[in-house]
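Heads up, the thing below is written out as structure tokens.
Numbering (this note's numbering), first residue to last: 44 to 430.
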């Protein structure tokens, strides 16, 4: 039986989904996982906040600690988090640095990472301690195989495991609850990069890691510049404030999220994104996105020789395929191919590098339509054959 015979009927569009965004309709935006997209109602909330700040800066900034606390409470309710155990920050990379500074590493300590980790987050670890990298074959069959590979990489010097909840390039689940529990039993501090978890997963904080951080601008419909750092109670007193502020005496989280006269409108508007997701029925959004991205991946694999789907979690709205061998072996090669696809096919995707040949990652969001994936599938093979 061919993949086309196995594939289910063409998915339906999400009612009203495309109209919620200001995206250029001439481009197939199949890379929501990298930067997200801000829905119009959320953008309007942020515009109103900017207008408010312009009209009366004194009132706007003097009341900021209380407004941030209120926004944090609304966000925590959506994430299933303790509002006193999360801090609002700008992005996942900033949160990673704060978490690693709070661990209190000693000379000789080692941080365990994988070769699927996000570049700037792994770089943050390398600035602070020796890094031991676990090689994960992208074709590992399931989450258990991933877990066993990570555990096999532990050494007597391993103090911290810095792991992706969902890997950015390959869309694989790494830091699942079972792995986190086994690391905890070994006395290893767990720092989880959950950049893709808020909005895409029903329980983004499952597994109780010591530190967890996630972007709100990807799948939670928030503006860029909004993310969350969640910290277990035993570690909160050690999280450093990025800069001194008048809220330092309050400690975590207020000392972390109050940073003088920066632009707070993204995090203040972030609850509106999560409210919108809930109003659309978050479970329906997740189901639609997972079905649509699977349709797109199966379509590409069926029509383009050499494209091989990677093992995946059916609940996710991002999926990856391996490219034909020897394509996108380095980051410059991957970037060039990504931009060629954008220029020639008017499709935005992620191309990730790998030494023996990289891959392509697709996303699905409620603004996407099946015909966008069909357009990519119809023309990508010719482009790859000439790459």
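Where a beta carbon is used, it is the ideal one built from N, C-alpha and C, also for glycine. Computed from a predicted structure; not experimentally measured.
Going by DSSP in three states, residue i sits in which element: helix, strand or coil?
i: residue 99; result: coil
i: residue 21; result: What the structure shows of the chain is the stretch from 44 to 430, and residue 21 is not part of that stretch, so it cannot be assessed.
i: residue 48; result: Reliability of the predicted coordinates at residue 48 is poor, the pLDDT of 43 falling under 50, and the value obtained from them is presented with this limitation in mind. Looking at residue 48 - three-state DSSP - the assignment turns out to be helix.
i: residue 210; result: coil
i: residue 320; result: helix
i: residue 362; result: strand
i: residue 239; result: coil
i: residue 172; result: coil
i: residue 426; result: helix
i: residue 248; result: coil
i: residue 184; result: coil
i: residue 81; result: coil
i: residue 216; result: strand
Considering just the uninterrupted stretch of the alpha helix (DSSP H) at residue i, what are its terminal residues?
i: residue 163; result: 162-169
i: residue 335; result: 325-346
i: residue 293; result: Counting along the chain, residue 293 falls outside any alpha helix (DSSP H), and DSSP gives it neither H nor E.
i: residue 136; result: 135-146
i: residue 118; result: 107-122
Let me check understanding here. Comparing Cα to Cα, which of the options lies closest to residue i?
i: residue 317; options: 308, 55, 99, 259; result: 259
i: residue 278; options: 245, 234, 417, 265; result: 234
i: residue 78; options: 157, 261, 178; result: 261
i: residue 242; options: 120, 417, 108, 230; result: 120
i: residue 112; options: 100, 124, 131; result: 131
i: residue 303; options: 288, 254, 252; result: 288
i: residue 368; options: 353, 349, 328, 354; result: 349
i: residue 134; options: 208, 404, 310; result: 310
So, does the CB of residue i fall closer than 8 Å to a CB anywhere in chain B?
i: residue 290; result: Protein chains in the displayed structure number just one, and chain B is not present.
What residues in its chain sit with their C-beta under 6 Å from that of residue i, if we drop five residues either side in the sequence?
i: residue 365; result: 351, 402
i: residue 163; result: 136
i: residue 75; result: 406, 408
i: residue 171; result: 143, 148
For residue i, which residues in the same chain have their Cβ closer than 8 Å to its Cβ, ignoring the five residues on either side in sequence?
i: residue 225; result: 190, 194
i: residue 426; result: 383, 384, 387, 388
i: residue 370; result: 376, 380, 400, 401, 427, 430
Considering only DSSP beta bridges, list what residue i is partnered with.
i: residue 257; result: 271
i: residue 72; result: 391
i: residue 153; result: 173, 201
i: residue 129; result: 273
i: residue 351; result: 365
i: residue 234; result: 205, 254
The beta strand (DSSP E) with residue i in it runs from where to where?
i: residue 393; result: 393-395
Quick one: is the Cβ of residue i within less than 7 Å of any heavy atom of the ligand COA?
i: residue 108; result: Looking at this structure, you won't find the ligand COA or any other ligand, since it has none at all.
Going along the chain, which residues of its own chain have a beta-carbon closer than 7 Å to the beta-carbon of residue i, five neighbours each way excluded?
i: residue 420; result: 342, 343, 346, 347
i: residue 52; result: none
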